[in-house]
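The next block holds one structure in the form of C-alpha cells; read it before the comments.
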Amino acid sequence: MADVVRGQFDRRVNRRRLYGQIFHALCLISILIGLGMLALLLVDIFLDGWRRVNWEFLTSFPSRKPEQAGIQAALFGSIYVIALAGALAFTLGVAAAIYLEEYASRNWVAKVIQINIANLAGVPSIVYGILGLEIFVRYLALGKSVLAGSFTLALLVLPIVIIASEEAIRAVPPSIREGGYALGATRWQTIWRLVLPQAFPGILTGVILAVSRAIGETAPLIVMGALTFVPFTPDGPMSRFTVLPIQIFNWVSRPQEGFHEAAAAGIIVLLVVLLSMNALAVLLRNRFQRRLEG
Amino acid sequence: MKSVADNSPIIETRDLNVYYGPTCVISGVDMEVETHKITAIIGPSGSGKSTLLRCFNRMNDLIPSFHMTGSVLFAGRDLYDAGVDPTEIRYQIGMVFQRPNPFPKSIFDNVAFGPRVNGFRGDMNALVEDSIRRAALWDEVKDRLKESALSLSGGQQQRLCIARALAVQPQIILMDEPCSALDPISTLAIEELMRELSNDYSIVIVTHNMQQAARVSDYTAFLNPGEDKTSELIEFDETRQIFTNPKDERTEAYITGRFG
Ligand SMILES: Nc1ncnc2c1ncn2[C@@H]1O[C@H](COP(=O)(O)OP(=O)(O)O)[C@@H](O)[C@H]1O
Ligand SMILES: [Mg+2]
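Respectively, the protein sequence lines represent chains A and B. For the first sequence, counting from 1, position 136 maps to 136 in our numbering; every step adds exactly one. With positions in the second sequence counted from 1, the corresponding number in our numbering is that position plus 294.
Okay, structure coming up:
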C-alpha cells in the first residue's frame with residue numbers, strides 16, 4: 001500500500017516538473033519576443049540613422065536640405081521642458097501625496113479625490129494639450145512657450161507621480177511614525193525626517209516613470225502650439241520651442257529619404273536622452289536605498 | 295532630573311474610561327505609577343493593557359476613533375487639559391514598543407534623533423554614548439555606530455530603542471510587552487536593564503508574562519474584561535501582595551492559571 005502511494009507521488013512530481021518547465025519556457029519565450037521586437041526596432045533605427053549622429057547633427061538647426069538638418073533646437077527644447085516639468089511634477093506630486101496620506105482625514109471626500117486621481121492618469125494626453133492651450137497659453141498668457149509646455153507636461157504626469165508617491169508613503173510602517181511621535185517629534189518632523197527618506201526610493205521610481213512618459217509625448221505639445229520648425233535654441237522660459245518627438249514626427253512625414261535618416265538619428269538621440277535620465281534616477285535611487293539599509 | 299518628590303506618584307489616573315468609537319474598552323481605572331518604581335500591567339489579551347499604557351503619553355491621540363473621560367495626571371498636571379500639546383509631553387514620557395522599531399538609519403542617528411528633533415544643543419556624541427551605555431548596549435555597538443540599526447539582532451534593537459528613548463531624558467519609560475518578540479537570553483538582559491534603570495526612571499511595563507511581572511515589578515495592576523467586554527482594574531497593589539495574597543478571586547484565578 002505504501003509503495004503504491006509513493007509511486008503516485010513520484011509520477012506527480014515528474015508531471016509537476018514538466019509543468020514547471022513548460023511555464024519556464026513560456027516566460028522565456030515572452031521575454032524573448034519582447035526583447036526581439038525591441039532589438040529589431042533598435043537595429044533598424046540604428047542602421048538608418050547612425051551615419052547621421054555626429055557633432056554636426058547635434059549642433060545644427062533644421063533645414064530644408066536634409067543633409068544639413070540638425071537637432072539642436074529640439075534637443076535643448078526637450079531638455080528644458082522635461083527638466084522643468086519633472087521638477088514641477090515632483091514637487092507638486094510629493095506634496096499632494098503627503099497631504100492625502102498624512103494630513104487628509106480618511107473620509108469619502110478623500111476617497112473621491114483618490115479615485116479621480118487614478119482616473120486622471122488614464123485621460124488621453126491630447127486632452128491635457130487642450131487644457132494647456134486654454135489655461136497656460138491663453139488664460140495665463142504664457143504664449144506657446146517653454147513654460148507653458150512644461151506646465152502642460154507636468155499636469156499630464158502629475159497623477160503618476162502622486163499615485164507612486166502615495167504608495168511609497170503608505171509602505172512606510174506605522175511603527176516608524178509611532179517611534180517618531182513617542183520621542184516628541186512633531187508631525188512635520190516625523191514626515192520630513194522619517195517618512196520621506198524611507199519613501200524616497202519609491203517616489204523616485206514614480207518620477208522616473210513619469211519623466212519617461214513625458215519625454216516621448218508629442219500630441220499635447222502640438223495641440224498646445226509648439227513649433228515644428230525652430231531655427232534657434234530656446235533662450236529662456238518664455239521662448240518658443242520644439243521638442244525631439246515633434247521634430248522626428250516632422251522629418252518622418254517628409255518625402256525625401258534624407259529626412260528619414262535624420263528622423264532615425266533623432267530617435268537615437270531621444271533614446272540616449274531617455275536612457276541617461278533613467279540611469280541617473282536609478283543610480284540616485286540605489287544610492288539612497290543603500291544608505292537606508294546600511 | 296527629578297521634578298517630583300520620590301514619595302509622590304508620577305502618574306495618577308482618576309476614573310479613566312476609554313472608548314474606541316462607541317465601545318467602552320476600559321472603565322473606571324484609578325491607579326498610580328510610583329516614582330522610581332516598576333509598575334507592571336497584566337491581564338489577558340485584549341484586556342486593554344496597551345490602551346491604558348498609551349493613555350499615559352497620549353499616543354492614542356493618533357487613533358481617530360479614540361476618546362476618553364476622566365483624567366491622567368503627570369507630575370500633578372492633567373495630560374488631557376485643553377492647553378496641553380501632546381508633542382510637548384511625549385519627550386518626558388519615553389515609550390518602547392512591542393516590536394523593536396529602530397529607524398532605518400545608523401545606530402548613532404537612531405539615538406540622536408530624539409535630541410535633534412527636540413533642539414538639543416550640547417555634546418551630541420557624549421549624549422549618545424551615555425544613552426547607549428545606560429541601555430547596556432555600548433560594548434556591543436561602540437565600534438559600529440555608523441552601521442545601520444537594522445543590522446542589529448532583535449534584542450540589541452530593543453535595547454537601542456530603549457537608548458533612543460533615554461536620549462531625550464524622560465522621567466518615565468512606558469514599555470509595551472518589550473520582550474514578547476525576543477529570545478529568553480535577550481529577555482533576561484532587558485529585565486536586568488529595567489531593574490538598573492529604575493534607580494533613575496519610573497517604569498511602566500505591560501506584559502502577558504506573569505513570571506516577568508513577578509520578577510521585575512514593584513507594583514502590579516491587573517486588568518480583566520467583564521461580561522460586557524469592558525475591562526476594569528480588578529486589583530492594584532504591591533507585586534508581592536498580588537502574587538502571594540491576592541484580594542480578589544479573579545486575580546488569584548488569573549495568576550494561578552485557572553482562568554476562563
Ligand atoms: N485602534 C483600535 N480601534 C478599535 N478598537 C481597538 C483599537 N485598538 C484596540 N482596540 C480594542 O480594544 C481592546 C483592548 O485592546 P488592547 O489595548 O490592544 O489590549 P491588550 O494590549 O491588553 O491586548 C481590544 O478589544 C481591541 O480589539
Ligand atoms: Mg497589547
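Where is the CB? At the ideal position from N, CA and C, for every residue including glycine. Note that the coordinates shown come from a computational prediction; the quantities given were computed from them, not determined experimentally.
Exercise for the section: Could you name the residues of chain B that E178 (chain A) contacts, counting a contact when the two beta carbons are closer than 9 Å? Expected result: M353, L356, M389, F391 and N395
Practice task
Could you tell me if the beta carbon of E102 (chain A) falls within a distance shorter than 8 Å of some heavy atom in ligand 2?
Solution key: no
Handout entry: Within chain A, partners of G408 (chain B) - CB distance below 7 Å
Key = L183 and G184
Practice task
For chain B, find out if any of its Cβ atoms is closer than 9 Å to the Cβ of L100 (chain A); answer yes or no.
Solution key: no
Exercise for the section: Have a look at L325 (chain A) and P124 (chain A) and give me their C-alpha separation to the nearest angstrom. Expected result: Any property of residue 325 (chain A) remains undetermined from this structure, which presents chain A solely from 1 to 294.
Problem - CA-to-CA distance, L444 (chain B) to Y313 (chain B), given in whole angstroms - result: 36 Å
Handout entry: Sequence ranges, alpha helix (DSSP H) only - wholly within the stretch 222-277 of chain A, length at least 4
Key = 244-252
Problem - CB contact below 9 Å: N539 (chain B) versus chain A - result: no
Problem - 8 Å contact criterion, which D309 (chain B) and G388 (chain B) should meet: CB distance rounded - result: Not a contact, Cβ separation roughly 26 Å.
Problem - Beta-carbon proximity list for S344 (chain B), same chain, < 7 Å, skipping 5 on both sides - result: D470 and V500
Problem - Chain-order list of residues whose beta-carbon lies under 8 Å from that of R262 (chain B) (same chain, five-residue window excluded) - result: With chain B covering only 295 through 554, there is no way to say anything about residue 262 (chain B).
Exercise for the section: Measure the alpha-carbon distance for I335 (chain B) versus F516 (chain B) and round it to whole angstroms. Expected result: 6 Å
Exercise for the section: Please confirm whether E546 (chain B) and P540 (chain B) have their CB atoms less than 9 Å apart. Expected result: yes
Practice task
Could you please give me the residues that DSSP links to F516 (chain B) through a beta bridge?
Solution key: B:I336 and B:E529
Exercise for the section: Name the residue from A:L209, A:E67 and A:S145 whose alpha carbon lies nearest to the alpha carbon of G258 (chain A). Expected result: A:E67
Problem - Test: E382 (chain B) CB closer than 9 Å to a CB of chain A - result: yes
Practice task
Please determine if the stretch 443-457 of chain B and the stretch 421-429 of chain B are in contact, where contact requires at least 3 C-beta pairs separated by less than 8 Å.
Solution key: yes
Handout entry: Buried/exposed call for L28 (chain A), threshold 16 Cβ in 10 Å
Key = exposed
Problem - CA-to-CA distance, M504 (chain B) to G520 (chain B), given in whole angstroms - result: 20 Å
Handout entry: Distance CB(T291 (chain B))-CB(V498 (chain B)) smaller than 9 Å
Key = No answer is possible for residue 291 (chain B): the residues shown for chain B start at 295 and end at 554.
Practice task
For T545 (chain B), verify whether its CB is less than 8 Å away from any heavy atom of ligand 1.
Solution key: no
Exercise for the section: Go through the residues and name those whose CB comes closer than 7 Å to any heavy atom of ligand 2, in chain order. Expected result: B:K343, B:S344, B:Q392, B:D470, B:E471 and B:V500
Exercise for the section: With hydrogens ignored, establish whether the beta-carbon of Y314 (chain B) is closer than 8 Å to any heavy atom of ligand 1. Expected result: yes
Handout entry: Beta-carbon contacts of F391 (chain B) that lie in its chain and below 6 Å, excluding the five residues immediately before and after
Key = D470
Handout entry: Cα-Cα separation between A281 (chain A) and W50 (chain A), rounded to whole angstroms
Key = 27 Å
Exercise for the section: Compare the C-alpha of H361 (chain B) against each of B:V405, B:G342 and B:N311 and name the closest. Expected result: B:N311
Practice task
Note down, one range per segment and in chain order, each alpha helix (DSSP H) of at least 4 residues found wholly within the stretch 359-407 of chain B.
Solution key: 380-384
Handout entry: Top-ranked residue by Cα proximity to L421 (chain B), from B:P409, B:A430, B:G413 and B:G449
Key = B:P409
Practice task
Could you tell me whether any Cβ in chain A is nearer than 9 Å to the Cβ of A457 (chain B)?
Solution key: no
Exercise for the section: Please confirm if P398 (chain B) has its CB atom under 9 Å from at least one CB of chain A. Expected result: yes
Problem - As assigned by DSSP and simplified to three states, the class of R308 (chain B) - result: strand
Problem - Complete alpha helix (DSSP H) runs within the stretch 35-117 of chain A (minimum length 4 residues, chain order) - result: 55-58 and 72-98
Problem - Environment of D403 (chain B) [buried if 16+ CB atoms lie within 10 Å] - result: buried
Handout entry: beta strand (DSSP E) runs wholly inside the stretch 457-513 of chain B, at least 3 long, in chain order
Key = 466-470 and 496-500
Exercise for the section: With hydrogens ignored, establish whether the beta-carbon of L517 (chain B) is closer than 8 Å to any heavy atom of ligand 1. Expected result: yes
Handout entry: Limits of the unbroken beta strand (DSSP E) element including I126 (chain A)
Key = No beta strand (DSSP E) holds I126 (chain A); the alpha helix (DSSP H) holding it covers S125 to G132.
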